[in-house]
Amino acid sequence: MPVFSSAHFDNHEEVVFCRDAESGLNAIIAIHDTTLGAGLGGCRFWPYADEEEALTDALRLSRGMTYKAALAGTGRGGGKSVIMGSPRDIASPDLFRALGRFVDSLGGRYVIAEDVGTSPADMAHVRESTRFVAGLAGGSGDPSPATALGTFVGIRAALKHRRGSSDLKGVRVAVQGLGHVGWDLCRQLHAAGAHLTVADIRDDVVERAVSQFGASATDSREIHAADVDVFAPCALGAVINDRTVDALKAGIVAGSANNQLAEDWHGDALAARGVLYAPDYVINAGGIINIAHEGPGYDQAKAFRHVEEIGRTLTDLFRRSDSEGLAPHTMADRMAGEVIARAKDAKRRLAA
Ligand SMILES: NC(=O)c1ccc[n+]([C@@H]2O[C@H](COP(=O)([O-])OP(=O)(O)OC[C@H]3O[C@@H](n4cnc5c(N)ncnc54)[C@H](O)[C@@H]3O)[C@@H](O)[C@H]2O)c1
C-alpha cells in the first residue's frame, strides 16, 4: 500500500498507524499541516473495505481540515483520524481509551473530536487517556446550530454577490436534508421570508417542515432540479455529479453537506453554467469554528460572531473568483494555501 506516493499524501506531516490488539483498535491518525496550530479534526468510525481505503479517507479528510481551518481563521491546523470497523461490532470504552493513548502520545499535535460513527460519549472515554479532545458534552455543545448559522450567512453572501441584495424575502430555497443542520437552516430561512422546498428520506420531518414553515415537499432524488433560486444540499456528499449537474435550475448552490462535488470538474461545470457555488468547506465551517472556541472561557456569542465571518470570507472568495477567472472551489484551495504560506513565511522570519 503506497503511503508517501499516494495521490492523497500531499506532504502530510505525520501519519500514525495505531493498533491495540486487546480492544481490537485499528486506526490511522493523519496530521496534514500544523503551521497554523494543532491539527483539529474528527474521528470517523467506518467499516472500510480495506486499509488502503481507510488511509485514503484519513489523508483526504485531514488535508480538507487544513484548508477548512485556514479559511475559517480558527488558528488550527488539519488532522483527522479513522477507526477501521463497524462501530456496532467493535466499539467499546477500552477501544476509545486506547485511541486516546495514541492521541496523547502526539503531545497535542492532533486534537480529536467526534465525526461520523463517533459520539460525545465515545469522546468522553478518549478523554480518560488524553486532554487533547474537543467537542465533549458540556463543552461547546452540538456544533450543528453554528454550522446552520454559517450556512445561512453564506447563502446571504451568495445572494448579495449574485443579485446585489442579501434580502431573503421571497427567495426560493430548496433544502435537501432536514437533519440537525438542515432543520435549523430552514428555521432561519423561513424567519427571513424565504419560500422553502424541502426533501428528506424521513417523511415525518418533511411533514413537520410543511406544517411549520409552509414548505413545499418534493422527491429527495429530484430536489436538485427544483425550480428555485438557491439549492442547499444538507444531507449527502457527491450531490453535484454527472446525473445532477446539468439539471440544476438554481443559480446558487450553497449548503452544509461535506464533499458536495462528486469530482472537481463538477465545480468547473457549475461555473461554466453560471451557477455560483459556495465551496462546502468554507460555508460549513461554523461547527469547527465553534469547537475551536471551546475552552474554560467559552463564550457562545463570541464564537457565533466568528461564525458570521463566513459571509465576509465568501464575499472575498467570490470577488477573487470573478477577477482571477477561477471557479470558487479552486479559488478556495488557493486562498487557503495563501493563508498557510503567509504563516510559514512569518514563522521563518521569526526564526531567522
Ligand atoms: N452537523 C454539523 O455541524 C456539520 C458540520 C459540517 C458539515 N456537516 C454536513 O452537513 C450535512 C448534514 O449534517 P447533519 O448534522 O444535519 O446530519 P443529520 O444526519 O442530522 O441530517 C441528515 C439528514 O439528511 C437526511 N437524508 C439522508 N439521505 C438523504 C437523501 N438521500 N435525500 C434527502 N435527505 C436525506 C436524513 O434523513 C437526515 O434528516 C452532512 O453532510 C454533514 O457531513 C454537518
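Residues in the sequence shown are numbered from 27 upward in steps of one, following my numbering.
Cβ atoms here follow ideal geometry from the backbone N, Cα and C, with glycine treated the same way.
For residue 336, the enclosing alpha helix (DSSP H) begins and ends at 326-350. Runs of the alpha helix (DSSP H) spanning 4 or more residues and lying entirely within the segment 103-136 occur at 113-116, 119-131, in chain order. Residue 259 has 202 as its beta-bridge partners, per DSSP. Note on residue 111: 16 or more other CB atoms within 10 angstroms of its CB, so buried under the neighbour-count rule. Unbroken beta strand (DSSP E) stretches of 3 residues or longer found wholly inside the segment 28-84: 40-46, 51-59, 65-72, given in chain order.
The Cβ atoms of residue 121 and residue 175 do not sit closer than 9 Å to each other. Within the segment 233-295, the complete beta strand (DSSP E) runs of at least 3 residues fall at 256-259. Taking all protein chains in view, the Cβ of residue 286 is crowded by 16 or more other Cβ atoms within 10 Å, so the residue is classified as buried. Per DSSP, residue 185 lies in no beta strand (DSSP E) segment; the continuous alpha helix (DSSP H) that holds it begins and ends at 170-189. Taken through DSSP and simplified to helix, strand or coil, residue 223 comes out as strand. Distances taken from the Cβ of residue 92 to the heavy atoms of ligand 1 include none shorter than 8 Å. Two segments are said to touch when three or more pairs of C-beta atoms, one from each, lie closer than 8 Å; by this definition the segment 196-203 does not touch the segment 355-367.
The Cβ atoms of residue 95 and residue 304 lie no closer than 9 Å to each other.
In the DSSP assignment, no residue is bridged to residue 366. For residue 142, no alpha helix (DSSP H) segment is defined, and its DSSP state is neither H nor E.
Per DSSP, reduced to three states, the secondary structure at residue 159 is strand. With a beta-carbon spacing of about 19 Å, residue 251 and residue 215 fall beyond the 8 Å limit used to define contacts.
Shown here, residue 302 sits in a strand according to DSSP, grouped into three states. With contacts defined by Cβ atoms closer than 9 Å, residue 266 and residue 302 do not form a contacting pair. Residue 376 and residue 370 have their C-alpha atoms roughly 10 Å apart.
The Cβ neighbour count for residue 316, taken over all protein chains shown within 10 Å, is at least 16; the residue is labelled buried.
With a 10 Å radius around the Cβ and a threshold of 16 neighbouring Cβ atoms, residue 189 comes out exposed. Taking the CA atoms as reference points, residue 352 sits about 16 Å from residue 308. For the options 27, 103, 127, the alpha carbon positioned closest to that of residue 44 is the one of 127. With a cutoff of 8 Å, residue 212 does not count as near ligand 1, since its C-beta is closer than that to no heavy atom of the ligand.
Shown here for residue 31: not one same chain residue has a beta carbon closer than 8 Å to its own, the five before and five after excluded. In the DSSP assignment, the residues bridged to residue 138 are 67, 159.
Contact annotation: residue 105 and residue 67 have beta-carbon atoms nearer than 9 Å. Here the C-alpha atom of residue 80 lies approximately 38 Å from the C-alpha atom of residue 255. Scanning its chain for C-beta atoms nearer than 6 Å, with the 5 sequence neighbours on each side dropped, one finds around residue 177 the residues 211, 282, 309, in chain order. By alpha-carbon distance to residue 248, the top candidate from 169, 240, 132, 227 is 227. The DSSP-derived three-state label of residue 231 is helix. Within a 10 Å sphere around the beta-carbon of residue 354 sit 16 or more other beta-carbons, which makes this residue buried. When the Cα atoms are used, residue 253 and residue 259 turn out to be separated by approximately 15 Å.
Residue side-chain check: residue 282 places its Cβ nearer than 8 Å to a non-hydrogen atom of ligand 1.
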